[in-house]
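Data block below; observations after.
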Ligand SMILES: Cc1cc2nc3c(=O)[nH]c(=O)nc-3n(C[C@H](O)[C@H](O)[C@H](O)COP(=O)(O)O)c2cc1C
Ligand SMILES: Cc1cc2nc3c(=O)[nH]c(=O)nc-3n(C[C@H](O)[C@H](O)[C@H](O)COP(=O)(O)O)c2cc1C
Ligand SMILES: Cc1cc2nc3c(=O)[nH]c(=O)nc-3n(C[C@H](O)[C@H](O)[C@H](O)COP(=O)(O)O)c2cc1C
Ligand SMILES: Cc1cc2nc3c(=O)[nH]c(=O)nc-3n(C[C@H](O)[C@H](O)[C@H](O)CO)c2cc1C
Ligand code: SF4
Ligand code: SF4
Ligand code: SF4
Ligand code: SF4
Ligand code: FES
């Protein structure tokens with residue numbers, strides 16, 4: 001008998017079908033409908049912003065990341081999500097800079113995929129928010145011609161945008177500073193001002209449900225966040241309707257959906273244990289409501305997730321699963 | 001670093017303190033603080049003021065000057081009195097001496113540079129606890145002669161100021177688009193507010209460490225190549 | 001009263017966190033945060049010293065220094081230094097294990113600027129004894145929080161594949177920047193929109 | 001006003017001086033300060049080659065006179081002299097030992113039966129059908145030892161064998177522990193005789209696995225002083241108690257070169273890198 | 001830090017109880033304490049005058065600015081909860097809480113100036129507020145201290161157009177809005193810094209609310 | 001009886017269809033047999049023959065070396081032609097006895113080598129089982145006689161029979177239950193009597209309805225035997241999982257099943273005990289599933305112990321051109337072979353030949369902390385963290401995180417999207433941990 005050229009591997013010798021790149025690329029693909037929905041409201045500007053952020057992220061990953069790490073698709077997600085979290089009128093150079101910052105300091109420096117402690121897309125966004133607080137809180141009005149550019153997208157890099165933007169406050173800003181409530185119907189449909197990806201809660205929910213069904217994202221933290229925000233928001237609303245809007249408003253406004261479905265599910269930066277994910281979600285939800293209601297900022301999803309990212313190792317530590325056969329051992333002692 | 005810690009933890013009754021620095025030419029004592037043994041970049045001391053006030057170049061100048069003043073004066077005094085200060089109350093005495101000089105510089109600043117003093121705020125009195133100063137007193141001034149102590153103090157002070165100024169320049173130029181208040185990039189520059197906020201301080205210092213790390217790695221790689 | 005105290009507490013703990021927003025106590029923040037246990041222990045030691053200082057400073061201010069404000073810095077630091085040294089001796093004698101853990105960092109608490117900062121700020125803000133203690137606890141817990149979080153993140157990084165150039169201190173400062181950014185979310189809290 | 005200030009600060013100073021003096025008397029834990037000095041003079045490698053858990057433990061023992069300074073194999077002679085001088089004791093004598101590899105089956109001479117896929121560590125490969133290597137005793141070449149050596153004394157050569165730089169090796173034992181195949185032994189540097197094979201298969205059949213294996217032909221046994229070498233266990237074994245009788249002629253007729261007469265480093269082809277660095 | 005001097009040969013094993021005498025400890029600390037105290041007291045005396053001068057000048061400049069350049073100023077001190085022209089003996093006029101009254105050349109009162117503060121976005125926002133107690137109209141304000149975000153919140157201090165929006169507005173009380181307005185007691189807030197703007201408005205309202213009654217009481221009591 | 005089930009676990013494709021319907025056939029004797037002296041857990045057997053000796057079928061070639069050992073018997077008549085180091089299925093070399101099979105020997109049953117069962121005392125049964133060289137056929141090859149004589153301080157109340165066969169591809173237990181259900185019941189009777197238990201549960205995964213039916217059909221009326229269908233899930237057959245599924249009891253970490261009054265035996269082991277007492281011949285052959293997409297003709301075979309893989313695969317018409325990996329055991333826990341000279345031994349449940357496309361990919365990505373491995377691990381470890389620790393060699397910390405409880409089932413590595421060979425890391429770490437503990441008794445002091 002002719003001996004074949006054998007290989008030897010460790011057991012298990014077979015493996016399930018899912019691979020990290022497959023998961024990442026599917027998640028990236030699932031963001032396409034979200035971008036499309038946004039283009040429906042903001043026209044070509046949405047696309048440009050997302051592209052700029054993605055380009056910044058991908059180029060940075062290419063040059064600072066590990067060899068061939070572009071193939072795993074995670075930098076793509078980072079770029080897309082960063083773009084989706086920015087206002088549609090932000091100068092493109094800022095979006096790209098955010099992508100660079102997020103990947104360079106939120107990921108590459110930590111050792112690349114899987115090692116980072118904070119959500120890279122949100123690190124990029126938090127940087128932009130701190131660096132250019134005006135540009136990132138300038139919200140163009142949705143609607144208008146598809147090809148009209150919202151805001152000064154093509155501002156010269158490192159220079160002020162020349163802002164003759166028609167702005168509209170976001171529903172959260174309206175509530176916080178003008179005590180004006182936007183109807184939940186509009187929020188769900190996405191006909192309100194806001195960042196590229198926060199406009200259509202429904203599309204995000206559907207995409208998230210698809211991913212959860214595929215097992216590509218863990219549904220526990222989003223569900224936990226949404227429930228906490230709903231309950232806590234409603235509770236505060238009953239206590240003081242002027243300070244806090246109702247629970248549904250909280251759930252459907254701002255970046256909550258995008259954050260809960262896509263950012264609080266980034267397995268790298270949230271706890272690995274299921275118990276931990278419930279806890280993580282609950283804390284994120286609580287911080288979101290606290291910042292929205294008592295804080296100085298109208299929106300707190302980004303900060304809430306980043307803060308809880310910092311707590312992730314602690315939560316992991318506290319929620320280790322109980323090893324089979326050790327409960328009784330303890331009782332016996 | 002170890003020398004400091006060790007000496008604080010152990011009250012050695014010997015008059016000739018073990019762990020005194022080896023004899024070296026004065027110039028080395030001076031240069032060490034600026035380069036090889038830079039208090040901020042190598043010893044990681046005095047980070048608080050370095051980050052807290054480094055968002056303007058003028059702050060850096062003022063802080064650096066005050067620190068050098070305190071460092072040199074206290075080193076001088078401590079070194080000349082090192083034989084009479086009993087070991088047990090060594091630290092307390094050093095602190096008294098340092099605090100005296102700090103308060104003097106604080107008062108002088110308030111009187112003659114009121115605006116600077118206001119922006120530096122509590123960080124001028126906090127020079128007392130700048131780990132560099134006590135560290136130098138412990139590791140150096142308390143063990144060697146006056147000339148060496150002063151040379152070392154100058155070196156360390158300048159090293160601190162240099163690191164501080166690099167940070168200040170980066171932060172002010174990027175964060176405000178100005179240098180010592182002068183506009184650099186014209187009126188349309190979009191300043192990166194981030195850089196003058198707290199995270200920017202951490203980031204800038206992080207970048208300095210990264211640059212150092214990169215430099216070190218490159219040197220290592222070069223060495224290996226040469227060896228080949 | 002309660003609301004004022006809780007405002008002092010929470011604003012010191014979260015909004016103006018000594019470490020992340022005020023740049024205080026950084027030497028130990030970067031020096032001892034490699035293991036979580038040491039991290040929170042140092043935080044606890046700091047909190048203890050802070051509270052002690054708050055009390056001592058209040059006594060000094062009320063009874064001794066009213067007439068000589070220019071002696072504040074020097075008097076505070078002498079008191080703090082002596083207190084820490086005595087505490088150190090007590091710990092070394094009675095809790096040698098703890099002493100070994102905190103090793104050379106105990107004396108560094110003396111030169112931890114957070115302590116003196118607290119003393120000075122407590123004075124300029126004119127806090128009474130209770131407010132001073134609450135301020136100290138808030139600040140101390142804030143330090144502990146920052147130390148613990150940093151240590152837990154760094155513990156996780158022990159097993160990560162950090163690029164060589166970032167290994168020594170670079171990444172740790174970037175982490176601090178990220179944490180500091182995250183905690184900016186609490187900014188403006190209490191100012192009421 | 002000046003008087004007042006003097007009184008306040010002088011008084012504060014006095015009060016705390018009293019407190020510290022009291023504390024000093026009552027609470028002081030005395031520790032020999034020479035320990036710190038000696039510890040600072042040690043290399044701080046904490047390698048354990050001296051048999052103690054870390055350099056500080058060594059310093060404590062050295063100050064107590066319980067260990068001779070030269071027992072630190074990592075430090076250099078000059079430093080050890082300094083320590084001995086500082087403590088006023090005899091430095092003691094250092095005996096240089098180095099790690100020796102009991103295998104020379106590099107990729108050029110040893111048979112590889114199957115392609116190993118998986119983690120690139122010897123430890124992991126050893127559990128997977130011996131990493132596919134024909135010889136079940138031999139070196140897997142995945143460099144666990146190189147990574148374990150904190151002194152950078154080990155470099156893998158082109159044939160996938162670890163070469164120990166005898167200058168740098170401090171006999172710390174780390175590689176001995178790291179190798180899953182137990183291929184390293186610590187041996188006196190001036191013991192020239194070494195069997196570079198652990199394969200127990202007897203006879204020429206072993207050559208199907210590796211061209212440089214010990215075939216237990218017994219020629220070295222005959223050529224060496226009686227009792228110095230034996231092949232009864234399936235591979236040549238040297239009785240180091242009789243090493244003084246060893247002569248180079250013992251290795252001359254070995255058909256595979258499994259037994260060698262060493263001068264300095266093992267293996268003829270020393271990697272370029274480490275030799276240059278040693279220079 | 002690794003080399004060591006030990007030219008003295010091997011030190012004998014030190015004994016545990018070797019140390020300095022207690023008296024020497026006490027003396028050293030007391031001596032350096034006294035010395036430091038003395039030096040500081042001297043320095044303090046020397047620097048006191050310029051420090052106080054600067055502080056006083058700063059306040060005066062602010063007062064003059066918010067009152068639109070009064071010809072003369074009058075100062076009232078807050079003692080307990082009432083205003084008085086005299087400070088109790090031993091109190092430092094620099095530290096005391098004060099109200100300034102400005103007069104024009106004709107000797108007419110053009111307004112009063114007081115210091116007030118409130119938490120802003122980052123930390124306290126401290127203003128010198130000038131208003132005309134008779135009409136309730138604002139004569140101006142000046143930011144004495146703030147740590148708001150540079151480029152954003154700090155416009156309340158740096159953006160002169162912002163300050164001008166307040167000129168002559170009626171404090172009954174003052175309100176903020178995001179849009180341009182001509183309402184006599186509404187001010188347009190800064191875009192992107194609503195919170196800081198509102199803090200300014202809050203301080204102004206607080207100043208008028210707390211000081212006007214005090215002034216009224218003082219005047220009723222025949223102070224003027 | 002209540003069904004509890006165990007949490008977590010994975011569902012790899014079963015692939016049992018290749019052989020599940022094929023009746024068991026006997027494989028002819030090869031020319032040469034290789035009998036390693038180490039075929040069981042415990043001490044290896046002591047050699048008792050020399051080169052040139054003639055042995056009959058069933059003669060011992062190695063004797064039990066103490067209580068934790070069993071003898072090895074010649075599986076065919078022939079001449080001892082060599083005693084040397086030979087490749088062992090576990091990847092090492094082992095002392096092995098080579099028998100050149102006598103082509104024309106009768107190979108017929110000889111006078112009883114094992115006494116009749118009826119009338120033996122418990123001790124005699126245990127002794128007879130040991131002398132017959134019976135070991136667990138479920139894979140671990142633990143000497144069966146030891147499990148038949150539990151320590152006196154533990155009262156055993158239930159015998160659990162492991163018919164789960166949760167490994168993909170393998171069908172030897174399945175075919176045993178379908179074709180020899182009486183033998184299983186007979187073995188069960190012997191064991192129950194020897195252990196002195198009145199109750200036995202045979203756990204069978206639901207994907208083997210014909211086996212369940214066969215066992216039900218032939219169940220002896222006088223014994224309390226329950227045939228319990230189990231959820232199809234890997235690793236249902238792992239001892240502690242099975243006990244949990246059947247009784248709801250968690251065997252304490254680090255403890256043996258006897259501490260909770262349970263003994264687990266594989267159905268194959270039961271059948272083997274029955275056969276030994278039936279035929280009077282010691283354990284010299286076993287049922288092996290030879291299968292896989294890389295094999296031309298999969299089969300369930302009765303194979304003489306000592307048959308080399310080369311001969312076994314040749315009997316199945318050899319491998320296909322895209323065959324890439326030969327595994328002894330199942331694909332989840334089995335051992336890949338680099339040398340086809342390695343023989344089938346007593347613990348060999350199957351031989352699986354994987355085609356190239358089925359083998360694991362080569363690219364390993366970093367752990368993305370997705371948590372799938374946590375959800376897969378049947379003993380509730382944190383493989384993600386353990387894997388991280390293993391990579392940086394923090395073995396002592398791994399021990400603190402219950403490395404010892406990992407049974408190397410491979411569930412974690414199966415689900416890991418980053419293709420991290422977690423169980424390999426753990427296996428290596430277990431070895432390394434032992435080594436470091438031995439090397440440095442004072443470790444951790446510094
Ligand atoms: C980094 C950062 C700094 C900020 N600084 C200030 C500030 O100094 N003052 C302020 O009022 N709001 C500040 N904000 C708050 C927001 O800009 C807030 O949205 C704004 O006050 C709302 O005003 P708008 O409705 O006019 O946009 C800051 C926000 C961020 C993220
Ligand atoms: C009384 C008794 C003692 C046992 N002693 C051991 C033992 O010391 N070590 C061991 O690995 N297994 C021992 N076992 C067997 C285990 O329970 C288990 O069946 C065997 O390890 C094989 O299981 P596995 O294939 O799941 O690994 C013993 C079983 C019994 C009944
Ligand atoms: C992950 C894992 C899976 C197992 N699967 C089976 C199985 O499917 N069938 C089986 O009989 N034994 C299986 N075993 C072995 C059993 O744990 C146990 O050793 C055996 O049932 C004891 O019986 P034996 O000693 O008669 O072999 C498995 C072990 C492990 C660790
Ligand atoms: C469900 C899911 C959500 C993700 N969310 C984010 C995200 O919010 N931000 C981001 O930068 N990357 C995200 N990623 C990509 C990837 O996990 C991330 O870049 C890692 O943090 C890089 O180590 C996500 C990936 C998945 C599968
Ligand atoms: S690891 Fe081995 S080669 Fe390296 S120094 Fe230690 S004994 Fe020598
Ligand atoms: S000697 Fe051992 S550890 Fe080193 S490469 Fe060879 S097998 Fe690996
Ligand atoms: S191999 Fe170990 S860690 Fe992995 S799933 Fe199985 S028992 Fe759990
Ligand atoms: S399954 Fe793999 S990638 Fe996911 S957490 Fe576990 S080890 Fe990490
Ligand atoms: S702790 Fe602040 S300077 Fe060291």
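Residue numbers (my numbering), protein chains in the order written: chain A, 1 to 333; chain B, 1 to 228; chain C, 1 to 193; chain D, 1 to 279; chain E, 1 to 224; chain F, 1 to 446. Glycine is no exception: its CB is placed at the ideal position from the N, C-alpha and C atoms.
Residue i: CB within 7 Å of a non-hydrogen atom of ligand 4
| i | result |
| --- | --- |
| residue 414 of chain F | no |
Beta-ladder partner(s) of residue i, from DSSP
| i | result |
| --- | --- |
| residue 327 of chain F | F/336, F/352 |
| residue 85 of chain F | F/95 |
| residue 79 of chain F | F/54, F/100 |
| residue 196 of chain D | Per DSSP, none; premise fails for residue 196 of chain D. |
Contact with chain C by residue i, beta-carbon distance below 8 Å
| i | result |
| --- | --- |
| residue 121 of chain E | yes |
| residue 446 of chain F | At residue 446 of chain F the pLDDT is 34, less than 50, meaning the model places this residue with poor confidence; the figure from the coordinates comes in the next sentence. By this cut-off, residue 446 of chain F is not an interface position. |
| residue 37 of chain B | no |
Minimum Cβ-Cβ distance from residue i to chain A less than 8 Å
| i | result |
| --- | --- |
| residue 195 of chain C | Outside the shown range of chain C (1 to 193) lies residue 195 of chain C, about which nothing can therefore be said. |
| residue 2 of chain F | Bear in mind that a pLDDT of 41 at residue 2 of chain F, under 50, signals an unreliable position, so the number given afterwards is only what the model happens to contain. No, no contact with chain A. |
Residue i: CB within 7 Å of a non-hydrogen atom of ligand 7
| i | result |
| --- | --- |
| residue 381 of chain F | yes |
| residue 422 of chain F | yes |
Closer than 7 Å: residue i CB and nearest ligand 3 heavy atom
| i | result |
| --- | --- |
| residue 27 of chain A | no |
Ligand 6 heavy atom lying under 7 Å from the CB of residue i
| i | result |
| --- | --- |
| residue 144 of chain D | yes |
Closer than 8 Å to chain B by CB, residue i
| i | result |
| --- | --- |
| residue 20 of chain D | yes |
Meets three-Cβ-pair contact criterion under 8 Å: the segment 143-153 of chain A and the segment 29-47 of chain A: Flag = yes, the segment 143-153 of chain A and the segment 29-47 of chain A touch.
Cβ contact check for the segment 4-23 of chain F and the segment 228-244 of chain F: 3 or more pairs under 8 Å: In short, these stretches touch, since the Cβ pair count reaches three.
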